[in-house]
Amino acid sequence: MVLIKNNCIFANMTPERNERLTSVLNKRQMNLTVVLENVSDPHNISAVMRTCDAVGIQEIYILNSIIPLHKKWGAKSSSSASKWLTIHQFTDVQTCFEALRKKYDKIYTTHLSSDAVDLYDMNLTEKVVLVFGNEHSGVTEELIGLADGNFIIPQVGIIKSLNISVACAVSVYEAFRQKTIAGHYNQPQIVGAEMEALRTSWGFLNEDT
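What follows is the structure, given as structure tokens:
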């Protein structure tokens with residue numbers, strides 16, 4: 251396959267590389283996403299990106315409504331995972347939610363409340379959004395009010411909280427478990443022109459940096 255970008259012809263994509271990229275794209279999950287609301291540490295964000303890539307999440311949402319937009323992610327933590335993902339950035343909660351509602355059926359926030367449900371009691375095979383908030387103050391009340399519910403990760407220790415990247419990893423790997431059982435990874439969710447566009451753009455990327 252010959253790749254052309256900015257009127258420049260790049261080296262042919264080898265059959266082996268094409269097969270590898272296609273194999274990964276065939277596992278990408280378009281019915282599960284993560285929202286990071288006002289997460290301040292770019293290394294936490296990049297760690298989340300690496301985990302999302304690992305379980306096949308293609309799209310993630312970065313919502314910075316009360317802190318400045320990030321100029322870069324922590325490359326060492328992400329192993330450059332960001333380049334393999336579709337990243338949507340928003341500065342307005344309502345606009346972000348309008349975009350999410352067009353693609354997903356349920357939006358859940360990590361928030362300790364009387365009505366919060368256990369992560370392991372959730373149905374994560376639906377079209378689901380999982381929202382993780384700021385490292386210090388959590389998810390904003392505005393966003394909680396717009397979501398469909400809250401969930402918690404069960405814990406039995408003295409410190410009743412996890413680092414955001416750890417909390418996200420635990421949550422999306424539970425989704426991975428449920429979706430694997432449901433057969434979601436057996437049927438490609440990205441097809442046609444969208445598949446070809448991603449495969450072509452990935453063809454220009456170095457897997458090692």
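Each number in the numbering used here comes from the position in the sequence shown (counting from 1) with 250 added on. Glycine included, each C-beta is placed from N, C-alpha and C at the ideal position. Model, not experiment: these values are computed from the prediction.
Next item on the list: Could you spell out where the beta strand (DSSP E) holding residue 450 opens and where it closes?
Entry: Sequence index remark: in the sequence shown, residue 450 carries index 200 (1-based). Premise fails: residue 450 lies in the alpha helix (DSSP H), 442–453, not in any beta strand (DSSP E).
Next item on the list: Out of 351, 318, 398 and 338, state which residue places its alpha-carbon closest to the alpha-carbon of residue 360.
Entry: Start at 1 with the first residue of the sequence shown, and residue 360 comes out as number 110. Closest in alpha carbon position to residue 360, among 351, 318, 398 and 338, is 398.
Check: Count the other CB atoms within 10 Å of the CB of residue 358; is the residue buried (16 or more) or exposed (fewer)?
Finding: Taking the sequence shown and counting its residues from 1, the one referred to as residue 358 is at position 108. Residue 358 comes out buried.
Notebook entry, point to check: If you count every other CB in all the chains shown that lies within 10 Å of the CB of residue 311, and 16 or more means buried, which is it?
Noted result: Taking the sequence shown and counting its residues from 1, one reaches residue 311 at position 61. By the neighbour-count rule (16 or more Cβ atoms within 10 Å), residue 311 is buried.
Margin query: I'd like to confirm the pairing. Which residues does DSSP put opposite residue 360 in its beta bridges?
Written below: Numbered from 1 along the sequence shown, position 110 holds the residue referred to as residue 360. Note: residue 360 is bridge-paired with 401 in the DSSP secondary-structure output.
Margin query: Judging by CA-CA distance, which residue of 330, 309, 333 and 338 is the nearest neighbour of residue 319?
Written below: If you number the sequence shown from 1, residue 319 lands on position 69. Checking every option, the nearest Cα to that of residue 319 belongs to 338.
Note to self: Give me the DSSP bridge partner(s) of residue 311.
What the structure shows: As a first step, residue 311 must be located in the sequence shown, where it is residue number 61. According to DSSP, residue 311 bridges with 285 and 338.
Notebook entry, point to check: Between which two residues does the beta strand (DSSP E) harbouring residue 379 extend?
Noted result: Indexing the sequence shown from 1 puts residue 379 at position 129. Secondary structure note for residue 379: its beta strand (DSSP E) is the uninterrupted segment 378–382.
Next item on the list: Would you please state the rounded distance, in angstroms, between the beta carbons of residue 272 and residue 449? I believe it to be under 8 Å.
Entry: Position 22 of the sequence shown holds residue 272. Position 199 of the sequence shown holds residue 449. The Cβ separation is near 6 Å, so the contact holds.
Next item on the list: Output the distance between the C-alpha atoms of residue 456 and residue 282, rounded to the nearest integer angstrom.
Entry: As a working note, residue 456 is residue 206 in the sequence shown. As a working note, residue 282 is residue 32 in the sequence shown. Cα to Cα, residue 456 sits roughly 26 Å from residue 282.
Check: Should residue 454 be labelled buried (16 or more other beta-carbon atoms within 10 Å of its own) or exposed?
Finding: Reading the sequence shown from its first residue, position 204 is the one you call residue 454. Exposed, by the Cβ-count rule.
Item checked: Secondary structure of residue 306, DSSP reduced to three states -> By one-based count along the sequence shown, residue 306 stands at place 56. Coil at residue 306, not helix or strand.
Margin query: If contacts are defined as beta-carbon pairs under 8 Å, then residue 306 and residue 278 qualify, I think. What distance do you get, rounded to the angstrom?
Written below: Position 56 of the sequence shown, counting from 1, holds the residue named residue 306. Position 28 of the sequence shown, counting from 1, holds the residue named residue 278. Residue 306 to residue 278, Cβ: 5 Å. Contact.
Next item on the list: May I ask you to report which of helix, strand or coil DSSP gives residue 439?
Entry: Taking the first residue of the sequence shown as 1, we reach residue 439 at position 189. Coil, per DSSP.
Next item on the list: Grab me the residues of residue 402's own chain with a C-beta within less than 6 Å of its C-beta, minus the 5 sequence neighbours each way, in chain order.
Entry: Position 152 of the sequence shown, counted from the start, is the residue given in the question as residue 402. Taken in chain order, the residues that qualify are 362 and 366.
Next item on the list: Note the first and the last residue of the continuous alpha helix (DSSP H) segment covering residue 266.
Entry: Locating residue 266 in the sequence shown gives position 16, where the first residue counts as 1. Element bounds for residue 266: 265–277.
Margin query: Quick check: residue 343 and residue 418, are their CB atoms within less than 8 Å of each other?
Written below: Along the sequence shown, read from residue 1 onward, the residue named residue 343 stands at position 93. Along the sequence shown, read from residue 1 onward, the residue named residue 418 stands at position 168. Cβ atoms of residue 343 and residue 418: not closer than 8 Å.
Item checked: Host alpha helix (DSSP H) of residue 414 (start-end) -> Numbered from its first residue, the sequence shown carries residue 414 at position 164. Start and end: 414–431.
Item checked: Exposed unless 16 or more other CB atoms sit within 10 angstroms - verdict on residue 387 -> As a working mapping, residue 387 is identified with position 137 in the sequence shown. Burial call: exposed.
Notebook entry, point to check: What three-state label does DSSP hand residue 367 in the structure shown?
Noted result: Locating residue 367 in the sequence shown gives position 117, where the first residue counts as 1. Note: residue 367 maps to strand in three-state DSSP.
Next item on the list: Out of 296, 268, 332 and 375, state which residue places its alpha-carbon closest to the alpha-carbon of residue 434.
Entry: By 1-based counting over the sequence shown, the position of residue 434 is 184. For the residues 296, 268, 332 and 375, the minimum Cα distance to residue 434 belongs to 375.
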